[in-house]
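With the first letter of the sequence shown counted as 1, position 129 gets the number 129 in our numbering; the numbers rise by one all the way through.
No residue lacks a Cβ here, since even glycine has one placed at the ideal position from N, Cα and C.
Since we're looking at a predicted model, the values are computed, not measured.
Below you'll find the structure, written out as structure tokens, and then a few comments.
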Amino acid sequence: VIKNRGVFVRSVDIGQALDIYEIRGALAQLAGGLIAERASEADIAELRDMVQQMDAVVQSGEVDEYYRRNLAFHVRLVQCTGNKRLIEMLQGTDNELHLYRHRSLVQPEGVSISNEEHHEIVEAVATRDIKRARQAFKRHVLNGKARAVAAMPKGDT
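Structural data, given as structure tokens:
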């Protein structure tokens, strides 16, 4: 949205998306450590609850509902860093990768694997294991990248 000019939609090709995923992975690694350091017990309880609710959605097979909850989970997770600029940067990458992130979940067992990774992130945060939280969040992003590439129609990759 540009003031006095209107709304513009930016197209992100696969090459740009792969570059953005790499940046998002590095930001997620930073965020994971900060979340493990800074999340309150109430934050952790809320994150656990969100992941458990997504477990039920996984069972229902509702990919669109899972994606909606996935977005909310990631927003809440990153808010736990307490770093406003990092939150903005990750939100920016999320917005640019919207189509690719959604596609990554329609793969067989995509939502199930994604939510297992969410459990791993939350448990690493809950135990205050900074290294594990960094690795888990980065791995989740890069696995999402791999799932998105696998979901691309032949010839687009």
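Quiz item: What is the rounded straight-line gap between the Cα of Val-125 and the Cα of Ser-104?
Solution: 24 Å
Practice problem: Can you have a look at Leu-99 and say buried or exposed, based on whether 16 or more other CB atoms are within 10 angstroms of its CB? | Solution: exposed
Practice problem: Drop a sphere of 10 angstroms on the beta-carbon of Lys-138, count the other beta-carbons inside from all chains shown, and report buried for 16 or more, exposed for fewer. | Solution: buried
Quiz item: Should Leu-105 be flagged as near chain B, meaning a C-beta pair shorter than 7 Å?
Solution: This model lacks chain B altogether, as it is built from one protein chain only.
Practice problem: Could you tell me whether the stretch 126-135 touches the stretch 35-42, using the rule of 3 or more Cβ pairs below 8 Å? | Solution: yes
Practice problem: Pull up the distance between the alpha-carbon of Ala-72 and that of Asn-4, whole angstroms please. | Solution: 30 Å
Quiz item: Of the residues Pro-153, His-119, Met-152 and Lys-145, which one's Cα is nearest the Cα of Gln-53?
Solution: His-119
Practice problem: Going by CA-CA distance only, name the one from Ala-148, Tyr-66 and Gly-61 that's closest to Leu-97. | Solution: Ala-148
Quiz prompt | Reference Asp-55, options Asn-70, Glu-41, Asp-43 and Ile-44, closest by Cα | solution = Asn-70
Quiz item: Taking the C-alpha atoms as reference points, what is the distance between Arg-158 and Gln-29?
Solution: The structure shown does not extend to residue 158, since the chain is modelled only from 1 to 157, so the question has no answer here.
Quiz item: Alpha carbon to alpha carbon, how far is Tyr-67 from His-102?
Solution: 7 Å
Quiz item: Got a sec, what are the start and stop residues for the alpha helix (DSSP H) Ala-39 sits in?
Solution: Run containing Ala-39: none; DSSP gives neither H nor E here.
Exercise. Please work out which residues of its chain come closer than 7 Å, Cβ to Cβ, to Gln-79, disregarding the five sequence neighbours upstream and downstream, and give them in chain order.
Key: Ile-87
Quiz item: Under 7 Å, do Val-57 and Glu-65 count as touching if we go by C-beta distance?
Solution: yes
Exercise. Just mark Ala-17 as buried or exposed, buried being the case when its beta carbon has 16 or more other beta carbons within 10 Å.
Key: buried
Quiz item: Which same chain residues, not among the five before or five after Ile-20, have their C-beta less than 8 Å away from its C-beta?
Solution: Val-12, Thr-93, Glu-96 and Leu-97
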